[in-house]
Structures are given as C-alpha cells and as structure tokens.
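Single-structure report; data block below.
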Amino acid sequence: MAEQMIDVEDALAGERPAPGIRQDSAVDAQVLDEVVRFTSELIRIDTTNRGNGDCLERPAAEYVAERLSEAGIEPTLLERSPGRTNVVARIEGSDPGADALLVHGHLDVVPAAPHDWSVHPFSGEIRDGVVWGRGAIDMKNMDAMVLAAVRAWARAGVRPRRDIVLAFTADEEASAEDGSGFLADEHPGLFEGCTEGISESGAFTFHAGEGMQLYPIAAGERGTAWLKLTATGTAGHGSKVNGANAVSRLAAAIARIGAHEWPVRLTPTVRAALRELATLHGVEARLDAADTHDLARDVDALLAALGPAADLVAPTVRNSANPTMLDAGYKVNVIPGSATAFVDGRVLPGGEEEFRTTLDRLTGPHVEWEFHHGEVALQAPVDGPTYAAMRASIERFDPQAKVVPYCMSGGTDAKQFSRLGIKGYGFSPLKLPEGFDYQALFHGVDERVPVEALHFGVRVLDDFLVHSAG
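Residue numbering for the sequence shown follows our numbering, beginning at 128 and increasing consecutively.
Given below as structure tokens:
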C-alpha cells in the first residue's frame, strides 16, 4: 500500500482548486485522499457475484461499517443469507420536516478473469493517476465517494437539510434478493421518509464531439424481463422424420424473437432527452408523428443526426428481447421431447402489455414462455427541484457541462427501492477525459477510474447532498 500512497500524494500535490467550490465545503485534502484510498481498498476486497448465491459481501460490508463508525455514524448490518451483508445508516438533517433522501450503492461486482487484464482485477492498483480493478466504475467508486463525503461532514460538523439514508447493498449484480429486495421487503422502516434516491450510472462526462461535454443524469430505467422458453414435441430417433421436433420449434421461435423489429415508443424521459440533445446539436426534433412507422422514421433520422450522443438514447426508444441461452438434447441421434432457451428482455415504462402480447405471438403455439426474473420499469421527474439541484451542482464544478436526462437500458437497485415509493436517479458524478469509454468499462476488462474523476465526483456529491438536495 505504501507505493500506492505515493501516487495518491503526487496526485494531490498537483490538485488545483476546483471551479465553483464553496467556502464552507467540507471537502479538503483528507477527503480527496480518502476517496481514492477507499476505492482502492474496496476493490481489493473480492466480492465477486457469480449468481445463485455464490458471493460474500460481508468483508466489504464490515469495511464500510468500520469507516462509518470511525466518523460516529452508527451502521446497521443486515443479512438474509449468511455472508450476504447489507449496511444501512441514517444521518439526521437539520430540517426534521423535510423528506429524506436515499443514497445507495452495491458492494458486489461481476466476475473478472485475471489473465484478460493488464493488472490483477482485485489489486486496486493506483498507477498514472488511475485506480484499476473490478468495481472501479461499477460501483465501489461511488461507495467510496459517499464514505469520504459523510466522514468529512462528521469532522466539520456539517448537517444536510434532509435526512440522508445510506444503503450499501449486496446482490445487485444478480437478483437483489439478498440485497435491496430484502431491505425493501423486510426492513422498510429503515427508509422511513425517503421519497427520492440516488445511485449509479449517471452524471458522468460523455464526450459528444466538437468539445461538447454531456453529463447524462438517469431519470428512468427499462424494466427487466428475463424469460425462460420451453418447447415441447415428440421424442424419437434422430434418423426418422419428426414433424413435432421440440428443437426445431424452439429454434424457429428464437429466430423470430431475434429478428423482430420493435416499434418506437417514447417515454417522457426519453422524449425530454431527445429534445434537449436536438437543441444542443442544432437539429429539429420531430417526435409527434401518430403513425408508428412515421415516428420510427423520424426518431431514427434524429438519432443519426446526433452523432455519438445517440448512444445515450438509442437503446431506450424501444423494447428489446435478445436470445442468450439454449439447452436441448443429450445425444446426437435422439430427438428430445423438450428444449429450453433464455431471453434477456427489457421493457420500457408503459410497454409491458405490448411486450407480453408480442412474445405470445412470436413464440407460437408450441412454445411456452414465463418470466425467469422480472422487475419494473422506472421513471423519475426531470422538471422538479431534485433534478434541477443535481444539474446545478454539476455545472458549478464544470461550467462547460451540458446536463441532459436519459433512461438506463438496464437496471439498478432503484427498482427494488421503488416498492417503497422512492423515485430513483442515476447520479454518481465523474469528470472523465476525452477517449475514456465509461460505458464500455461496465463489466468490461481493465475497469478503472481516474483519480481526478473521483475528486470531482466527491466534490459534486458533497455539494448536492449538503447544499442543494431537496
């Protein structure tokens, strides 16, 4: 760790005051050191979630609980299954009548194969001003920012206006049954008063070309619809003609699903994103066609005119269904009586009924389908005070920022917390250099985060939580 700390100190020595920093900010050199150190140390705690309960978050949860306790913040550790530990704490605000805000981040990470990486994925190495390792982006960086910020408040005697409820969760990278789902279902009292929440996958720099720096804030998520398909037929010898071949029936259904072109459906969040992006790019946004074919033509033309920025919205103008797994047969000369497949479906807010009827039609009479795992789609207001406060905090520290809303193509723990009436936003701020492909690093090889991005993020997060939220 000594060699790593030298790198951190070198980074801090070159740190210049950030634009817009408030005189009463609790962010000091210790905060900037801690956010980097905590990110590195959390990465070094291997919390790989392989699914089916194969994960152990408890060491990371104990690490988080210890950092909170050191600051006089009382953590509660909760488990549904042994070793699948969650941490929850509440920081009282100065206004007892204000709605509380949930700030949540998960402790588990997806698997990483060391031989594919430039550095060991659980080394937490700090090199050339960058922290390397699984979780650097998704999302131990945000966990570290939250820890560093609230510890700074404790040292400086700072109190936010709203109660802040912290939740560090297990199992987000699988079903969330041991994490946010368990907390929402079994311990709702811990989140009393929370009306809104913030977490991962938003407020990062998206370089859209010609010097344009977008900061997309997530104000929606497509719903999760993981499907299991089962085809049935007549078992028999592989040498004989079989008109009721389960494998053929399944293959035909999978081919139809994979080839299906879903119609364009614009949710309020996506519509707002397209309008703002069109204005920034100086192009017309024609989004009001009543005919679905005309709307698809207009939206596809707009996306083509937006250049790189189209990547923010293109996955969320339609439902989707991608075949991902097949399982059939046990011997080459035996026709099995059944065959199964799995499909990763994602559903726009309000698109659930269309998704169901379309799957019924595409699967046909000989293939049944069911939800293997499903979660709701989400939307949050982009015209309210909380979104405006997030925008203001980003612009305070990056005057060149162009803040826009967007809808996540995937999902987060916000889905489970929505059961408690909590509106969720993706807001884990990072200022990233041009050429740094943030989105490709989610679940990718050589996941890493720049030290300066962490410094920016903890400043913005502190400003929003203390001065602006609510």
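Each residue gets a CB set at the ideal place from its N, CA and C atoms; glycine is no exception.
{"query": "With a threshold of 9 Å between beta carbons, is Lys355 in contact with chain E?", "result": "Absent from the structure: chain E. Only one protein chain is present."}
{"query": "Which residue from Val585, Thr351, Ser208, Val397 puts its Cα closest to that of Arg164?", "result": "Val585"}
{"query": "Check whether the Cβ atoms of Leu234 and Glu184 sit closer than 9 Å, and answer yes or no.", "result": "yes"}
{"query": "I'd like the ranges of any beta strand (DSSP E) spanning at least 3 consecutive residues and lying wholly in the stretch 290 to 373.", "result": "291 to 296, 321 to 326, 340 to 348, 350 to 359"}
{"query": "Apart from the five residues just before and just after Thr174, which ones in its own chain have a Cβ nearer than 8 Å to its Cβ?", "result": "Cys182, Leu183, Glu184, Pro186, Ala187, Leu234, Asp235, Val236, Gly262"}
{"query": "So, for Leu547: in the same chain, excluding its five sequence neighbours on each side, which residues have a beta-carbon less than 6 Å away from its beta-carbon?", "result": "Ala311, Pro315, Phe318"}
{"query": "Ignore the nearest five residues each way along the sequence and tell me which others in Val509's own chain have a CB closer than 7 Å to its CB.", "result": "Ala346, Thr396, Ala399, Pro532"}
{"query": "Out of Trp353, Val530, Gly551, which one is the CA nearest neighbour of Lys558?", "result": "Val530"}
{"query": "Quick check: what's the CA-CA separation for Ala451 versus Ile381?", "result": "In the sequence as presented, Ala is not what sits at residue 451; that position holds Thr. Near 10 Å, if we compare the C-alpha coordinates of Ile381 and Thr451."}
{"query": "Determine the burial state of Pro435: buried for a count of at least 16 other Cβ atoms within 10 Å of its Cβ, exposed for fewer.", "result": "exposed"}
{"query": "Label Phe331 either buried or exposed according to how many other C-beta atoms from any shown protein chain fall within 10 Å of its C-beta, with 16 as the threshold for buried.", "result": "buried"}
{"query": "Mapping the DSSP letters down to three states, classify Gln543 as helix, strand or coil.", "result": "helix"}
{"query": "Roughly how many angstroms separate the alpha carbons of Val135 and Trp389, rounded to a whole number?", "result": "The pLDDT assigned to Val135 is 36, lower than 50, so where the model puts this residue is not dependable, and the model offers no usable value."}
{"query": "What whole-angstrom Cβ distance do Ser245 and Asp573 have, given they're in contact under 8 Å?", "result": "5 Å"}
{"query": "Looking at C-alpha atoms only, which residue of Glu327, Ile218, Arg376, His408 is the closest neighbour of Gln340?", "result": "His408"}
{"query": "Leaving out the 5 sequence neighbours to the left and right, which residues in its chain are closer than 7 Å to His499 when beta-carbon positions are compared?", "result": "Trp353, Leu354, Lys355, Phe469"}
{"query": "Which residues bound the beta strand (DSSP E) around Lys550?", "result": "550 to 553"}
{"query": "Can you give, in chain order, each stretch of the beta strand (DSSP E) that sits fully within the stretch 147 to 180 and has at least 3 residues?", "result": "none"}
{"query": "Would you mind stating whether Leu274 and Leu204 have Cβ atoms separated by less than 9 Å?", "result": "no"}
{"query": "For Glu136, does the three-state DSSP call read helix, strand or coil?", "result": "Any reading at Glu136 needs caution, since the residue's pLDDT is 37, under 50, leaving its predicted position unreliable; the model's value is listed next. In the structure shown, Glu136 sits in a helix (DSSP, three-state: H, G or I)."}
{"query": "Would you call the CB atoms of Asp270 and Phe569 closer than 9 Å?", "result": "no"}
{"query": "Just to confirm before moving on: does the CB-CB distance between Val292 and Ile218 stay below 9 Å?", "result": "yes"}
{"query": "Decide if Ser167 is buried, meaning its Cβ has at least 16 other Cβ atoms within 10 Å, or exposed.", "result": "buried"}
{"query": "Between Val374 and Leu489, what straight-line distance do the alpha-carbon atoms span, to the nearest angstrom?", "result": "16 Å"}
{"query": "List the endpoints of the continuous beta strand (DSSP E) containing Ala466.", "result": "465 to 474"}
{"query": "In chain order, which beta strand (DSSP E) runs of at least 3 residues are fully inside the stretch 177 to 223?", "result": "203 to 206, 212 to 218"}
{"query": "Whose C-alpha, out of Arg349, Ile325, Val494, Gly329, is nearest the C-alpha of Arg383?", "result": "Val494"}
{"query": "Hey, Ala544 and Ser302: beta-carbon distance below 9 Å or not?", "result": "Strictly speaking, residue 544 in this sequence is Phe, with Ala absent from that position. Not a contact, by the Cβ cut-off of 9 Å."}
{"query": "For a test of the three-state rule: what should DSSP assign to Asn449, helix, strand or coil?", "result": "strand"}
{"query": "What span of residues does the beta strand (DSSP E) with His387 cover, start to end?", "result": "Here His387 belongs to no beta strand (DSSP E), and DSSP marks it neither H nor E."}
{"query": "For my contact list, Leu588 and Ala156 are in at a C-beta cut-off of 8 Å; report their separation, rounded to the angstrom.", "result": "Not a contact, Cβ separation roughly 17 Å."}
{"query": "Where DSSP assigns a beta bridge to Tyr514, which residues make up the other side?", "result": "The partner list for Tyr514 (beta bridge, DSSP) is empty, contrary to what the question assumes."}
{"query": "How many angstroms separate the CA atom of Asp427 from the CA atom of Leu433?", "result": "10 Å"}
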